[in-house]
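Protein chains in written order, with this note's numbering: chain C, 1 to 154; chain P, 1 to 154.
Number of protein chains: 2
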Amino acid sequence: MIGQTVKEILLENEDHFLVDSENVATLQDTNTLEHAFLVLTNIGYSRIPVVDRDEKLVGSISLSMVVSEMITTKEIDPDLLAIKKVSEVMDQKVKCLQQPFDIEKTLNLLVDANFAHVVDSEGVFKGIVTRKEILKAVNHLVHELETRYHLENK
Amino acid sequence: MIGQTVKEILLENEDHFLVDSENVATLQDTNTLEHAFLVLTNIGYSRIPVVDRDEKLVGSISLSMVVSEMITTKEIDPDLLAIKKVSEVMDQKVKCLQQPFDIEKTLNLLVDANFAHVVDSEGVFKGIVTRKEILKAVNHLVHELETRYHLENK
C-alpha cells in the first residue's frame, strides 16, 4: 500500500495527469488501415486509442501493427492497407482508468504501457494518462519528500 | 535535490536498470531504411538505437521516421526505402547516461523519452535504461517509504 503522505505529494500534480480527449489523436474502428497509417505517421506517436461512433473506447492501434499488414512473404505492398479496417487489427485489451485516479493502479498500469486510457462509467473515452506526466509527479515527489520531512526509522 | 534515503531506496533496484546491449535490437548507420523497416516492424518497438561499425552510439531511429520516407504527395512507395540509409534519417540528438547511474539525471531524461541510452567513456553503446524499469523502482519506493519510516514535518 502507498502511504498517505506519499500519495498526497504525488497527487499535488493530479490536475496535469489527464490529457483531455480533445487533445488526443484517435482513430475510429471503421477507418481503413491506410487512413490509420497516414494519421500515425503524421502525429509521430507510436500508438493511439480507437473509438467507435459513440466515442466509446474499443481498442488501441500502433504503427507497427498497421505496417505489419503491408508485409507479405514477397514484398512490401501498401495497397493491402486499403482493404482492411482498424477494427480487424487493433488491440482490444486496453488498460483503463476512471476519475478520480487511483494512484496505486495508475502507477501499476504505467509500468507496462506508455499511457493508460481514461473512460467514464459508460465507457466513453475521456483522455489518457501518460508516463510523461506521472514521471513529472514522481520527480516532484522525490525532490520534495526530504525537503519537507524528517524520515525516522520505524 | 533528491534526499539520501529516497535515493537509496530507488537504487535498491539499480541492478535491473540496465538492459544490456546484448539484449537490445540496434541498427547500423549504414543499413538501408528497408532493412530498418523490417527490423522495427518485427521487434514491435517504436524506436531503437543506431550504432556505427565500432559499436559507438550515433543516433536513434523510429518506425515513424522510416515510414515517413515512403510517403510522397501522390502515393505510398516502399521502393524509396531501398535507396536511403539510416544515417540520413536518424535522430542524432540522443540522450545518454553513464554508469554508475545518477538517479536525478536518469529520472529527468525519462520524463521526455521512452528510454535513455547508456554509453561508456569512449561512447560505446552499453545498453538502455527504460521507463519500465524506472517505474518499477518508483513503485518499490512509494510502497516502501512509509512502511519503513515515520515522516515528521520539518
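Glycine is no exception: its CB is placed at the ideal position from the N, C-alpha and C atoms. Remember, predicted model here, so these are calculated numbers, not experimental data.
Sequence-distant residues of the same chain with beta carbon closer than 6 angstroms to residue i, five excluded per side
i      : result
C/L40  : L63
P/A25  : I43 and I48
C/K56  : G123 and V124
P/F9   : The sequence shown places Ile at residue 9 of chain P, not Phe. So the list reads L141 and E144, once near-sequence residues are dropped.
P/S87  : D29
P/I2   : E104
P/P170 : Outside the shown range of chain P (1 to 154) lies residue 170 of chain P, about which nothing can therefore be said.
C/S21  : F125, K126 and G127
Classification of residue i by the beta-carbon crowding that lies within 10 angstroms, buried from 16 upward
i      : result
C/S121 : exposed
P/G59  : buried
C/E152 : exposed
P/H117 : buried
C/I83  : exposed
C/P78  : buried
P/T106 : buried
Spatial neighbours of residue i in its chain, beta-carbon cut-off 8 angstroms, leaving aside the 5 residues before and after
i      : result
P/K53  : The question names Lys, but residue 53 of chain P is Arg in the sequence shown. The residues are Q28 and T30.
P/V66  : L33, A36, F37, L40, L81 and V89
P/K136 : N13 and H16
C/I76  : M70
P/N23  : G127
P/D91  : G59, S60, I61, S62 and M65
P/K85  : D29, T30, N31, T32 and L33
C/T73  : none
Spatial neighbours of residue i in its chain, beta-carbon cut-off 7 angstroms, leaving aside the 5 residues before and after
i      : result
P/V19  : G127, I128 and T130
C/L11  : I103
C/K95  : L109, A113, A116 and H117
C/V119 : L57, C96, Q98, F125 and K126
P/K132 : none
Anticipated Cβ contact below 8 angstroms, residue i with residue j, distance rounded
i    : j      : result
P/T5 : C/E104 : The Cβ separation is near 21 angstroms, so there is no contact.
P/K7 : C/R148 : P/K7 to C/R148, Cβ: 16 angstroms. No contact.
Residue i Cβ short of 6 angstroms to the ligand SAM heavy atom set
i    : result
C/K7 : Annotation note on the ligand SAM: not contained in the displayed structure, which lists no ligands.
C-beta neighbour in chain D for residue i, strict 7 angstroms
i      : result
P/P100 : Protein chains C and P are contained in the structure displayed, whereas chain D is not.
Next on the checklist: If we require 3 or more residues per run, which beta strand (DSSP E) segments fall completely within the stretch 93-122 of chain C?
Outcome noted: 115-119
Checklist line | Contact between the stretch 112-130 of chain C and the stretch 47-63 of chain C (3+ Cβ pairs under 8 angstroms) | finding: yes
Uninterrupted beta strand (DSSP E) stretches inside the stretch 40-67 of chain C (no shorter than 3 residues): 47-51 and 57-62
Query - Touch test, the stretch 99-118 of chain C against the stretch 135-150 of chain P, Cβ-Cβ under 8 angstroms, three pairs minimum - result: yes
key: Contained alpha helix (DSSP H) runs [length at least 4] in the stretch 3-31 of chain P, N- to C-terminal order   = 4-11
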